[in-house]
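For reference, the structure discussed in these notes is given below.
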Amino acid sequence: MIPRFARLAAGAALAALALANAPAQAAWPERPVTMVVPFPPGGPTDLVARVLAKQLTDQLGQTVVIENKGGANGNIGMQAVAQAKPDGYTVLYNTSSIALSPNLYTKLSFDPARDFTAVSSTAVIPLVLLVHPSIPAKDLAGFVDYVKRAPDKLSFGSAGPGNVTHLGAVMLLRELGLEAVHVPYRGSAPAMTDLVGGQVQFMTNTLNDSLGFIRDGKVRALAITSKARSDQLPDVPTVAEARKPGFEVGAWQGVMVPRGTPQPIVDKLNAEIRRALQSPEMQKQLKVQGAQALGATPQEYDAYIRSETRRWGEIIREANVKLD
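Numbering (the UniProt record's numbering), first residue to last: 1 to 324.
Laid out in structure tokens, this is it:
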């Protein structure tokens with residue numbers, strides 16, 4: 001049994017610690033914050049993160065600095081943040097990779113569920129089913145009919161194995177009852193080059209990487225994977241309305257921090273992110289990227305990530321995709 005004075009001393013020590021920490025947390029941030037983007041500069045994730053960082057800089061009165069740590073489908077950057085001090089000065093701008101990697105790799109140096117705390121979702125970029133102009137299909141029904149009647153399996157490109165453009169196509173093909181040959185590339189640009197050239201017949205690519213090709217008539221958009229039609233492609237139906245009610249998939253993004261980051265900092269960062277997402281400048285830039293603003297409580301975002309991890313796990317196991 002612990003003597004009463006020992007309990008009181010322990011309680012006093014804890015109270016003193018809480019008081020010592022409270023001002024620091026309340027004053028956060030007192031210096032620049034590093035936002036790690038686990039992908040190279042110039043990509044869709046990086047572009048949205050930079051707009052958010054600028055908006056947060058204006059709101060917080062401290063610079064939010066983007067640090068790109070690309071490689072291994074985002075794992076290098078995620079690992080760096082997982083190992084960072086949980087003080088609110090290193091945050092992760094994460095993508096769907098946080099839900100994909102645990103299913104794609106048998107050996108990870110970090111555990112997304114154990115090593116991170118969710119802060120808020122930020123945006124989602126839908127995928128678009130694109131076909132080469134030589135494909136006669138004008139809509140999703142025509143595409144299904146064409147693929148089923150084709151004497152040889154069609155091929156589809158992706159930005160890389162295990163990428164959302166790969167697994168999104170796998171999910172769509174499964175829902176449509178179709179089979180095709182996957183041709184992975186090192187990024188979206190070479191995949192789109194070969195789609196335009198006819199080396200592959202179709203692709204599910206992110207909206208922002210597809211718009212220029214669609215508008216130039218180099219590829220044809222048959223369906224979009226968002227819940228509702230995009231303002232950027234108002235004449236292109238969703239997969240849900242054209243064929244499969246409830247179907248929705250996209251390249252989603254958000255912010256996480258190392259596990260152990262004080263809750264007051266998590267809550268303040270959440271509030272500032274959600275405020276930033278409502279700003280006219282952020283809304284404008286998201287629209288340019290073909291993205292839709294999201295925003296959620298930490299609890300909601302955590303639940304969403306766990307749900308997506310289970311969902312993608314089923315697809316990945318069925319497709320027998322492993323990257324190590």
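Where is the CB? At the ideal position from N, CA and C, for every residue including glycine. Predicted model, so just to flag it, every value in this text is computed and none were measured.
Around the C-beta of residue 77, are 16 or more other C-beta atoms found within 10 angstroms, so that it is buried, or is it exposed? Here the question's residue 77 lines up with position 77 in the sequence shown. It is buried - the Cβ of residue 77 has at least 16 other Cβ atoms within 10 Å.
When we look at the beta-carbon of residue 276 and count the other beta-carbons within 10 Å, is it buried (16 or more) or exposed? Here residue 276 is taken as the residue at index 276 of the sequence shown, counted from 1. Within 10 angstroms of the beta-carbon of residue 276 lie 16 or more other beta-carbons, which makes it buried.
Buried or exposed by the 16-neighbour rule on C-beta atoms within 10 Å, applied to residue 112: Residue 112 sits at position 112 when you count from the first residue of the sequence shown. Residue 112 is buried by the Cβ-count criterion.
For residue 65, does the count of other Cβ atoms within 10 angstroms reach 16, so buried, or fall short, so exposed? In the sequence shown, residue 65 corresponds to position 65, counting from 1. Under this definition residue 65 is an exposed residue.
Can we say the segment 218-233 touches the segment 126-137, given the rule of at least three CB pairs closer than 8 Å? yes
Straight-line gap, residue 322 to residue 161 (C-alpha atoms, nearest Å): Here residue 322 refers to the residue found at position 322 when the sequence shown is read from its first residue. Here residue 161 refers to the residue found at position 161 when the sequence shown is read from its first residue. In a straight line, the C-alpha of residue 322 is about 9 Å away from that of residue 161.
Residues in its own chain within less than 8 Å of residue 188 by CB, not counting five upstream and five downstream? By 1-based counting over the sequence shown, the position of residue 188 is 188. Once the five neighbours on either side are set aside, the close Cβ partners of residue 188 are 159, 165, 205, 206, 209.
Specify the secondary structure class of residue 307 as computed by DSSP and reduced to three states. For this step, residue 307 is matched to residue 307 along the sequence shown. Three-state result, residue 307: helix.
Grab the span of the beta strand (DSSP E) containing residue 253 for me, first residue to last. The residue given as residue 253 occupies position 253 in the sequence shown. From DSSP, the beta strand (DSSP E) with residue 253 extends over 250-258.
Cβ pair residue 311, residue 99 closer than 9 Å: Counting from 1 along the sequence shown, the entry for residue 311 is found at position 311. Counting from 1 along the sequence shown, the entry for residue 99 is found at position 99. Yes; because the gap between Cβ atoms is below 9 Å, this pair is in contact.
Stretch-stretch touch, CB-based, cutoff 8 Å, three pairs: the segment 139-156 with the segment 264-280: no
Give me, in chain order, the residues of the same chain whose beta-carbon lies closer than 6 Å to that of residue 214; leave out the 5 immediate sequence neighbours on both sides. For this step, residue 214 is matched to residue 214 along the sequence shown. Cβ within range, chain order: 221.
Which partner residues does residue 182 have in the DSSP bridge list? Along the sequence shown, one-based indexing puts residue 182 at 182. For residue 182, which the question treats as bridged, DSSP gives the partners 156.
Quick check on the burial criterion: 16 or more other C-beta atoms within 10 angstroms. Buried or exposed for residue 106? Locating residue 106 in the sequence shown gives position 106, where the first residue counts as 1. By the 10 Å Cβ count, residue 106 comes out exposed.
In this structure, does DSSP put residue 129 in helix, strand or coil? Translated into positions along the sequence shown, residue 129 becomes position 129. Residue 129 falls in the strand class under three-state DSSP.
Buried or exposed by the 16-neighbour rule on C-beta atoms within 10 Å, applied to residue 14: By 1-based counting over the sequence shown, the position of residue 14 is 14. Confidence at residue 14 is low in this model, with a pLDDT of 44, below 50, so its placement is unreliable and the value that follows should be read with caution. With a threshold of 16 other beta carbon atoms within 10 Å, residue 14 falls short and is exposed.
If you check the beta carbons only, do residue 40 and residue 260 fall under 9 Å apart? The residue labelled residue 40 in the question sits at position 40 within the sequence shown. The residue labelled residue 260 in the question sits at position 260 within the sequence shown. Taking a C-beta distance under 9 Å as the contact criterion, residue 40 and residue 260 do not qualify as a contact pair.
By how many angstroms is the C-alpha of residue 149 removed from the C-alpha of residue 120? As a first step, residue 120 must be located in the sequence shown, where it is residue number 120. As a first step, residue 149 must be located in the sequence shown, where it is residue number 149. Near 45 Å, if we compare the C-alpha coordinates of residue 149 and residue 120.
Nearest by alpha-carbon distance to residue 216: which of 133, 201, 125 is it? Numbered from 1 along the sequence shown, position 216 holds the residue referred to as residue 216. Of the candidates 133, 201, 125, the one whose C-alpha sits nearest the C-alpha of residue 216 is 133.
From the DSSP secondary-structure annotation, give me the bridge partner or partners of residue 93. In the sequence shown, residue 93 corresponds to position 93, counting from 1. DSSP lists 255 as partners of residue 93.
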